[in-house]
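Undergrad:
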Amino acid sequence: MAKHKSSRDTLQVSRDTDTKFNDPSFRHECVLPSFSDESDFVRFFQRFTFAIRKIERRTLSKFEYDQASGKLFLNSEDTLRARIALDSLQLLLYAKKQNHSSKRAPKKFSEGKKKVYNLQENLEVNKNKREKALLKKLYQELDLSLAFPCEGSFLIPFDDFDVYEYFGGESLVFLNAIRIRFRCYIDYSPNLSLIHIRCQNPSSLKQALHHVKLFYFEQASYHRLKRSHLNLHVLDLNHTCSNLKIFYDREFVLSRKFLPNRIHLRGIPSLSSSSAESLEKIRNDNVQTIKNYTLASIFNVYLYIGVIFMRVKVGVPLFERLKIGENETNTNSIQDASKILLEKQTKSSFLRYLAPNDVSERILSSLESIKDINGKQVFEAFGTDPLIVAHFTLTDIHNSKKILTAVWDKPVGRPNIWYVESSMKDTLSIVHCNLNSLSWNLSIKYGEHFNDSKAYGSFASSIIMDNKDRIYFLNTAEVFVETVAVKLKNKFYHVPSGYHFHLSRFETHSLGKNTYIDSDTQPGIQVYRIGQDTSLLRYGLSFWDSNWDRIFAENQQRSSGSPPTYKPTLQTFFPEGIEAFIFHSQSIVSQVATLANQLNDNHNIFEADNSVSASIV
Numbered sequence: 001m002a003k004h005k006s007s008r009d010t011l012q013v014s015r016d017t018d019t020k021f022n023d024p025s026f027r028h029e030c031v032l033p034s035f036s037d038e039s040d041f042v043r044f045f046q047r048f049t050f051a052i053r054k055i056e057r058r059t060l061s062k063f064e065y066d067q068a069s070g071k072l073f074l075n076s077e078d079t080l081r082a083r084i085a086l087d088s089l090q091l092l093l094y095a096k097k098q099n100h101s102s103k104r105a106p107k108k109f110s111e112g113k114k115k116v117y118n119l120q121e122n123l124e125v126n127k128n129k130r131e132k133a134l135l136k137k138l139y140q141e142l143d144l145s146l147a148f149p150c151e152g153s154f155l156i157p158f159d160d161f162d163v164y165e166y167f168g169g170e171s172l173v174f175l176n177a178i179r180i181r182f183r184c185y186i187d188y189s190p191n192l193s194l195i196h197i198r199c200q201n202p203s204s205l206k207q208a209l210h211h212v213k214l215f216y217f218e219q220a221s222y223h224r225l226k227r228s229h230l231n232l233h234v235l236d237l238n239h240t241c242s243n244l245k246i247f248y249d250r251e252f253v254l255s256r257k258f259l260p261n262r263i264h265l266r267g268i269p270s271l272s273s274s275s276a277e278s279l280e281k282i283r284n285d286n287v288q289t290i291k292n293y294t295l296a297s298i299f300n301v302y303l304y305i306g307v308i309f310m311r312v313k314v315g316v317p318l319f320e321r322l323k324i325g326e327n328e329t330n331t332n333s334i335q336d337a338s339k340i341l342l343e344k345q346t347k348s349s350f351l352r353y354l355a356p357n358d359v360s361e362r363i364l365s366s367l368e369s370i371k372d373i374n375g376k377q378v379f380e381a382f383g384t385d386p387l388i389v390a391h392f393t394l395t396d397i398h399n400s401k402k403i404l405t406a407v408w409d410k411p412v413g414r415p416n417i418w419y420v421e422s423s424m425k426d427t428l429s430i431v432h433c434n435l436n437s438l439s440w441n442l443s444i445k446y447g448e449h450f451n452d453s454k455a456y457g458s459f460a461s462s463i464i465m466d467n468k469d470r471i472y473f474l475n476t477a478e479v480f481v482e483t484v485a486v487k488l489k490n491k492f493y494h495v496p497s498g499y500h501f502h503l504s505r506f507e508t509h510s511l512g513k514n515t516y517i518d519s520d521t522q523p524g525i526q527v528y529r530i531g532q533d534t535s536l537l538r539y540g541l542s543f544w545d546s547n548w549d550r551i552f553a554e555n556q557q558r559s560s561g562s563p564p565t566y567k568p569t570l571q572t573f574f575p576e577g578i579e580a581f582i583f584h585s586q587s588i589v590s591q592v593a594t595l596a597n598q599l600n601d602n603h604n605i606f607e608a609d610n611s612v613s614a615s616i617v
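The numbers in UniProt numbering rise by one with no breaks, and the one at position 539 of the sequence shown is 539.
(1) Let me know the secondary structure DSSP gives Glu-320 once reduced to three states.
(2) Between the beta-carbon of Ser-360 and the beta-carbon of Leu-318, is there less than 8 Å?
(3) If you run the structure through DSSP and keep just helix, strand and coil, what is Thr-427?
(4) Going by DSSP, which residues form a beta bridge with His-264?
(5) Can you pull the DSSP bridge partners for Gly-457?
(6) First and last residue of the alpha helix (DSSP H) that includes Arg-183?
(7) Leu-404 and Tyr-456 - do their beta-carbons sit closer together than 8 Å?
(8) Considering only C-alpha positions, which residue in the set Gln-526, Cys-433 and Asn-602 is nearest to Leu-232?
(9) Could you tell me whether the Cβ atoms of Glu-302 and Pro-564 are closer together than 8 Å?
(10) Spatial neighbours of Ser-349 within its chain, please: CB distance less than 7 Å, with the 5 preceding and 5 following residues excluded, ordered by chain position.
(11) Give the secondary structure of Tyr-353 by DSSP, where H, G and I count as helix, E and B as strand, and everything else as coil.
(12) Taking 8 Å as the cut-off, decide whether the C-beta atoms of Leu-536 and Glu-507 are in contact.
(13) Residues bridged to Lys-62 by DSSP?
(14) Assuming Glu-64 and Phe-50 are in contact, meaning their beta carbons sit under 8 Å apart, how far apart are those beta carbons, in whole angstroms?
(15) Measuring CA to CA, which of Arg-538, Gln-200 and Lys-489 is closest to Leu-351?
(16) Buried or exposed, going by whether 16 or more other CB atoms sit within 10 Å of the CB of Leu-172?
(17) Could you pull the DSSP bridge partners for residue 624 from this structure?
(18) Please state the DSSP three-state secondary structure of Tyr-566.
(19) Just the Cα atoms here: how many angstroms apart are Ser-429 and Leu-570?
(20) To the nearest angstrom, how far is the alpha carbon of Pro-575 from that of Ser-546?
(21) Counting C-beta neighbours from all protein chains within 10 Å, is the total for Leu-155 16 or more, i.e. buried, or is it exposed?
(22) Looking at the structure shown, is Ile-195 part of a helix, part of a strand, or coil, going by DSSP?
(23) Go ahead and pull the three-state DSSP assignment for Leu-536.
(24) Which of the three DSSP states is assigned to Asn-300 in this structure?
(25) With DSSP as the reference, identify every bridge partner of Gly-413, one or two as the case may be.
Following this line, the structure appears as structure tokens:
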């Protein structure tokens, strides 16, 4: 042990060797990977002294080696920072030790050991061998002169569906599970557009046809989702619209601030008027169109296996590339404007904007004061703490980006839910435009969760929030955080409809972009305090029926080939009818917009300056 005395002294990795913590509560033992002997232990810590000092600086901690016990201890005044320092040391040592071990030269004359399988592994291996042998037999070309006891066919309903693309090539590889399960021959006839199945008994044939049919409709559903995006703009018309004309205002304050190339839709007084019968016809046509679009989208995602969200967002639509005669700011009749919004080339960006930030804060505190015409409370808060959601934009070593979402149901500790989102895609977007007021957008989004990645799981395990609204997270050698977007979701009930209602505060903070990740310099503890960066602060509203989440959640984890537990009908999602849904949506945005204008000295914050509007007209 004497010859290692100088080596042990190098284990004192702190820059200040004289400072010590006398309180044992600040002393934590470090659990280390196994080493062959003490010299092996010393070599590792000599090699990574710089990295350990970096951990000490970032966590305000100190590592000490106890010669008497042969253990490594961490001294820290903060339990949270101590935990992060211990996790960082674990990641460093285990990763480096594994890499070091993998680079060792192989032993000479080593004999390969025969793998010993346990009972379960043996069963799995034998099962795979039997399935391969069976598939080899089922793939063989059949003698057409042979007769099978049972034969049946499934006719492909649509001509534009590429069977080879969605069924795994000419061999229909994706149907192998059905072949094995029911011991049947399956082949495809492109000239007749049918899938032919041959089995030994009627029961197997019936089941095989049923599963092939379900698989086809699943693939057809994915096919429709890829090629269809139902986008609809509907102009709301009420009795006050009979004396209005429509034009598109480039001077709207939000289009100047957020999306300067967009045009805001609003109405101004006009001398002409529209008949009540024509307005009623437009309203009825709009409701029927909304029904058709919504039902088609529900059917498109019916067999999709993944994450599906159905939400209503409140905000302001900003349009682009609208065809309004020769001049984009020329006035038009209500009928013409309604037709324009239904054209396919009509595009818009829906801005989730509630009101200026100071007005939005007062809306939050005054929301429960709103009463209906009978004096009953309209919005009721539930839960004292807001739901906290953080979206981390991550870049990995392959320079690909994903968003990891962490959700806290209490404002301290680790997130109770986390998941990595793919880019969520829209299959439905209905923008219901209200003139000179807030509008709403019904959307259905679909995507996937990726919770099986070790790299993202390691990052998610480092996320923690203290009782001072500080969110800690640890960049690793595999992922780096570019931006953090924090949402504080205040939860309410809309009493008349029973909808869940969230008034959210959005803030986004950028941590800089990197073209690559340097494993020596980039990893380290980062911290963001809620409210630290308000340069991109915004408030927004969203609401939905809790029954939507329940329906989609129950079918998120179902296996391929099994039908969902619900029927893809409007009655399933809108028991009271689309008309009642539109009525409640209009009531919500009208009540919130009225409150916003009252808090803004009764000035309409959702329209541009009247003098500017008059000059355009």
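The beta carbon of each residue, even a glycine, is placed where N, CA and C say it ideally should be. Remember, it's a predicted structure, so these values are computed and weren't measured experimentally.
TA: Checking against the coordinates, here is how it stands:
(1) On the sequence shown, residue 320 is found 320 positions in, with the first residue counted as 1. The answer is strand: DSSP assigns Glu-320 an E or B state.
(2) One-based indexing of the sequence shown puts residue 360 at position 360. One-based indexing of the sequence shown puts residue 318 at position 318. For Ser-360 and Leu-318, no; Cβs fall outside 8 Å.
(3) For this step, residue 427 is matched to residue 427 along the sequence shown. Of the three classes helix, strand and coil, the one that applies to Thr-427 here is strand, per DSSP.
(4) For the purposes of this step, residue 264 is identified with residue 264 of the sequence shown, where counting begins at 1. According to DSSP, His-264 bridges with Asp-249 and Leu-318.
(5) Along the sequence shown, read from residue 1 onward, the residue named residue 457 stands at position 457. Paired residue(s): none; Gly-457 is not in a bridge.
(6) Residue mapping note: residue 183 aligns to position 183 of the sequence shown, counting from 1. Taken as a continuous stretch (DSSP letters only), Arg-183 belongs to no alpha helix (DSSP H), as it is neither H nor E.
(7) Taking the first residue of the sequence shown as 1, we reach residue 456 at position 456. Taking the first residue of the sequence shown as 1, we reach residue 404 at position 404. Contact flag set, yes.
(8) Along the sequence shown, read from residue 1 onward, the residue named residue 232 stands at position 232. Nearest C-alpha to Leu-232: Cys-433.
(9) Within the sequence shown, numbered from 1, the residue matching residue 302 stands at position 302. Within the sequence shown, numbered from 1, the residue matching residue 564 stands at position 564. Per the sequence shown, the amino acid found at residue 302 is Tyr instead of Glu. Yes. Within cutoff.
(10) On the sequence shown, residue 349 is found 349 positions in, with the first residue counted as 1. Once the five neighbours on either side are set aside, the close Cβ partners of Ser-349 are Leu-259, Arg-262 and Leu-318.
(11) The residue labelled residue 353 in the question sits at position 353 within the sequence shown. It is coil, neither helix nor strand.
(12) Here the question's residue 536 lines up with position 536 in the sequence shown. Here the question's residue 507 lines up with position 507 in the sequence shown. Taking 8 Å as the Cβ cut-off, Leu-536 and Glu-507 qualify as a contacting pair.
(13) Your numbering for residue 62 matches position 62 in the sequence shown. Beta-bridge pairing links Lys-62 to Asn-75.
(14) Counted from its first residue, the sequence shown places residue 64 at position 64. Counted from its first residue, the sequence shown places residue 50 at position 50. Incorrect: roughly 18 Å between the Cβ atoms, too far for contact.
(15) Within the sequence shown, residue 351 is the residue found at index 351, counting from 1. If we check each option's Cα against that of Leu-351, Arg-538 comes out closest.
(16) For the purposes of this step, residue 172 is taken as residue 172 along the sequence shown, with counting starting at 1. Under this definition Leu-172 is a buried residue.
(17) Residue coverage of the chain in this structure runs from 1 to 617, which leaves residue 624 outside it and unanswerable.
(18) Numbered from its first residue, the sequence shown carries residue 566 at position 566. Here Tyr-566 sits in coil by DSSP.
(19) Against the sequence shown, residue 429 aligns to sequence position 429. Against the sequence shown, residue 570 aligns to sequence position 570. Their Cα atoms are separated by approximately 16 Å.
(20) Residue mapping note: residue 575 aligns to position 575 of the sequence shown, counting from 1. Residue mapping note: residue 546 aligns to position 546 of the sequence shown, counting from 1. Cα to Cα, Pro-575 sits roughly 13 Å from Ser-546.
(21) Here residue 155 refers to the residue found at position 155 of the sequence shown. The residue is exposed, with fewer than 16 neighbouring Cβ atoms inside 10 Å.
(22) Numbered from 1 along the sequence shown, position 195 holds the residue referred to as residue 195. Of the three classes helix, strand and coil, the one that applies to Ile-195 here is strand, per DSSP.
(23) In the sequence shown, the residue the question calls residue 536 occupies position 536. Of the three classes helix, strand and coil, the one that applies to Leu-536 here is coil, per DSSP.
(24) Taking the sequence shown and counting its residues from 1, one reaches residue 300 at position 300. Helix at Asn-300.
(25) Taking the first residue of the sequence shown as position 1, residue 413 is located at position 413. Note: Gly-413 sits in a beta bridge opposite Met-465.
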